[in-house]
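Taking it in order: structure first as structure tokens, then the write-up.
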Amino acid sequence: MQLEGSCHCGAVHFSLSSATPYPYQRCYCSICRKTQGGGGYAINIGGDAGSMKIRGRDNISIYHARLKEPGDKRAHASTAERHFCKRCGSALWLFSPEWPELIHPFASAIDTPLPVPPERVHLLLEFKAPWVEVEAKPHDKQFKGFPEESLAEWHERLGLTSAG
Ligand SMILES: [Zn+2]
Numbered sequence: 033m034q035l036e037g038s039c040h041c042g043a044v045h046f047s048l049s050s051a052t053p054y055p056y057q058r059c060y061c062s063i064c065r066k067t068q069g070g071g072g073y074a075i076n077i078g079g080d081a082g083s084m085k086i087r088g089r090d091n092i093s094i095y096h097a098r099l100k101e102p103g104d105k106r107a108h109a110s111t112a113e114r115h116f117c118k119r120c121g122s123a124l125w126l127f128s129p130e131w132p133e134l135i136h137p138f139a140s141a142i143d144t145p146l147p148v149p150p151e152r153v154h155l156l157l158e159f160k161a162p163w164v165e166v167e168a169k170p171h172d173k174q175f176k177g178f179p180e181e182s183l184a185e186w187h188e189r190l191g192l193t194s195a196g
């Protein structure tokens, strides 16, 4: 599926192809909540980094979250690059050098109508804010941490790989 995305002010536009366009993963971690997910979570989908085209690249800034694991003396910067528009603040996509072939756009930045997921995954609930209620439907799955099933495996299991 070909996806078009942009920030709110229009300074940044991007496009990429995606075999995993269903926005089913709701992430409740503090980074997603603070930088992007006002309702308590953010949703990333998966796309092909090689197909990525960007207009307005000069307007993009990158945030490396600082992480501190239990037992760590000091926080260290995450390798994950959170790309956002430095003019309007819209979160755009996440890129990890560990997976150079993948781009994870925020569903909120995508302008192409995305398919509605038949079921959802609620993840990193360990870090959920106390005021956030998980609105889980009957087939939804909930995880304290990360699910074992990847974006690609989820799409495959539900027979949604050729979507769009
Ligand atoms: Zn913008």
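When you read off a place in the sequence shown, starting at 1, and then add 32, the result is the number in the numbering used here. Idealized CB from N, CA, C, for every residue including glycine.
Judged by DSSP in its simplified three-state form, G82 adopts helix.
Closest by C-alpha distance to C120, out of W131, N91 and F138, is N91. If you check the C-beta of A74 against ligand 1, you find no heavy atom less than 8 angstroms away.
Sequence-distant Cβ neighbours of L157 in its own chain, meaning closer than 8 angstroms and more than five residues away, are Y60, V166, Q174, F175 and K176. Here S122 is buried, its C-beta having at least 16 other C-beta atoms within 10 Å. By the 16-neighbour rule on beta-carbons within 10 angstroms, K160 is buried.
Under DSSP, T52 shares a beta bridge with G78. One Cα belongs to S128, the other to W163, and the distance between them is close to 30 angstroms. Remark: the C-beta of A123 is outside contact range of ligand 1, defined as less than 8 angstroms to any heavy atom.
Along the length of the stretch 109-189, whole alpha helix (DSSP H) runs at least 4 residues long occupy 183-189, reported in chain order.
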